[in-house]
Amino acid sequence: METCIFCKIVAGEIPSKLVAETEHTIAFHDISPRQPVHVLVVPKSHHRDVVELSKHAPFELLDLVQLGNRVAEQLTNGSFRLQFNTGAEAGQTVFHAHGHILSGTPRGSVDAVPMSEDEALG
Ligand code: AMP
Ligand code: ZN
23 METCIFCKIV AGEIPSKLVA ETEHTIAFHD ISPRQPVHVL VVPKSHHRDV
73 VELSKHAPFE LLDLVQLGNR VAEQLTNGSF RLQFNTGAEA GQTVFHAHGH
123 ILSGTPRGSV DAVPMSEDEA LG
């Protein structure tokens with residue numbers, strides 16, 4: 023999609039801080055991180071949200087989750103969330119499917135602060 027910001031990142035038309043990629047998925051740092059680790063895992067093909075991705079490209083969703091697992095393995099101590107905001111009222115602002123890898127316990131951290139309930143839900 024020409025106007026989609028994540029399609030532009032996938033195409034290299036907008037810069038991003040790349041973390042990892044596969045044939046189907048790209049992982050890059052969120053531009054305004056809400057946790058010490060905040061990486062987006064994004065399918066290279068355009069689908070509005072994770073529901074559409076799961077219907078039309080289930081193998082790409084599997085690839086996205088597996089890349090997210092690898093990113094979390096590299097960047098966290100093993101505790102993390104994979105979050106898919108779906109719909110504007112649930113906080114989705116970019117309508118190109120993506121998962122958030124979020125963690126308050128980066129790999130090697132010693133004094134990790136547990137998440138509050140609000141953060142865990144938000
Ligand atoms: P959501 O609110 O679930 O749709 O998530 C969209 C996320 O994309 C937000 O956390 C934004 O901070 C992030 N974001 C928006 N533009 C960029 C960008 N150019 N590079 C990296 N992350 C971005
Ligand atoms: Zn797109």
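Per the working numbering, residue 23 is the first one in the sequence shown, and the count goes up by one each step.
We put the CB at the ideal spot given by N, CA and C, even for glycine.
Segment limits, beta strand (DSSP E) that includes R103:
Here residue 103 refers to the residue found at position 81 of the sequence shown. Segment R103 to Q105, the beta strand (DSSP E) holding R103.
With distances taken Cα to Cα, identify the nearest neighbour of H120 among L89, T98 and E95.
By one-based count along the sequence shown, residue 120 stands at place 98. Of the listed residues, the one whose Cα sits closest to H120 is L89.
Do you know offhand how far L104's Cα is from P58's?
For the purposes of this step, residue 104 is taken as residue 82 along the sequence shown, with counting starting at 1. For the purposes of this step, residue 58 is taken as residue 36 along the sequence shown, with counting starting at 1. Taking the straight line joining both Cα atoms gives about 14 Å.
What residues in its chain sit with their C-beta under 6 Å from that of L83, if we drop five residues either side in the sequence?
Translated into the one-based positions of the sequence shown, residue 83 becomes position 61. Excluding five sequence positions before and after L83, the CB atoms of its chain that fall closer than 6 Å to its own CB belong to L75 and S76, given in chain order.
Rounded to whole angstroms, what's the CA-CA distance from C29 to K39? Just pull it up for me.
Along the sequence shown, read from residue 1 onward, the residue named residue 29 stands at position 7. Along the sequence shown, read from residue 1 onward, the residue named residue 39 stands at position 17. Here the C-alpha atom of C29 lies approximately 15 Å from the C-alpha atom of K39.
Within 8 Å: the Cβ of H118 and any heavy atom of the ligand ZN?
Indexing the sequence shown from 1 puts residue 118 at position 96. Checking every heavy atom of the ligand ZN against the Cβ of H118, one is found closer than 8 Å.
Using CA atoms only, rank isn't needed, just tell me which of A110, S67, V73 and H78 is closest to C26.
Working through the sequence shown from its first residue, we reach residue 26 at position 4. For C26, the nearest C-alpha among the options comes from S67.
Under a Cβ-count criterion, where at least 16 other Cβ atoms within 10 Å of its own Cβ denotes burial, should A112 be classed as buried or exposed?
Looking up residue 112 in the sequence shown gives position 90. Residue environment for A112: exposed (fewer than 16 other C-beta atoms within 10 angstroms of its C-beta).
Please classify G121: does DSSP put it in a helix, a strand, or coil?
The sequence position of residue 121 within the sequence shown is 99, counting from 1. If DSSP states are grouped into helix, strand and coil, G121 belongs with the strands.
When you compare only the Cα positions, how much space is there between P65 and T47?
Taking the first residue of the sequence shown as position 1, residue 65 is located at position 43. Taking the first residue of the sequence shown as position 1, residue 47 is located at position 25. Cα-Cα distance, rounded: 4 Å.
For T98, which residues of its own chain have a beta-carbon under 7 Å away from its beta-carbon, when the five flanking residues on both sides are left out?
Here the question's residue 98 lines up with position 76 in the sequence shown. Once the five neighbours on either side are set aside, the close Cβ partners of T98 are V59, S125, T127, P128 and R129.
Shorter than 8 Å, the distance from the beta carbon of V32 to the closest heavy atom of the ligand ZN, or not?
Taking the first residue of the sequence shown as position 1, residue 32 is located at position 10. Within the cutoff, so yes.
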